[in-house]
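Take a look at the structure below.
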Amino acid sequence: MKKQFVLSYFGGPSRTARAIGIKPPSVHGWPDDIPDSAVGRIVRLRPDAWAAWVGLQCQADEGNPSLQPGNPAGR
Numbered sequence: 001m002k003k004q005f006v007l008s009y010f011g012g013p014s015r016t017a018r019a020i021g022i023k024p025p026s027v028h029g030w031p032d033d034i035p036d037s038a039v040g041r042i043v044r045l046r047p048d049a050w051a052a053w054v055g056l057q058c059q060a061d062e063g064n065p066s067l068q069p070g071n072p073a074g075r
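Dropping the structure here:
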């Protein structure tokens, strides 16, 4: 899950921290791919955010011909 998506979804680092029960400096310290522990908290506490992320990824996959049915192993 990407940091930029999470920050946009919740409305910034402070709101993100509040939504998942951590302190803002922890959010600021996340790399671009957020830690698995943070993803786990989002899945448990804010399934709406997880569903939005999964939906976004599915839309991206639909635009990728290497992931279309009938194209095994992305060939």
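If you're matching positions, the sequence shown starts at 1 in this note's numbering and goes up one per residue. Every residue gets a Cβ at the ideal spot worked out from N, C-alpha and C, and that includes glycine.
Checklist line | Collapsed DSSP secondary structure at Asp32 in the structure displayed | finding: Within the sequence shown, numbered from 1, the residue matching residue 32 stands at position 32. Coil, per DSSP.
Check: Are there three or more Cβ pairs, one per stretch, closer than 8 Å when the stretch 11 to 21 is compared with the stretch 29 to 47?
Finding: yes
Checklist line | Residue environment, Ala60, which counts as buried when at least 16 other CB atoms sit within 10 Å | finding: If you number the sequence shown from 1, residue 60 lands on position 60. It counts as exposed.
Checklist line | Exposure of Val27, with buried meaning 16 or more beta-carbon neighbours within 10 Å | finding: If you number the sequence shown from 1, residue 27 lands on position 27. With 16 or more Cβ atoms within 10 Å of its Cβ, Val27 is classed as buried.
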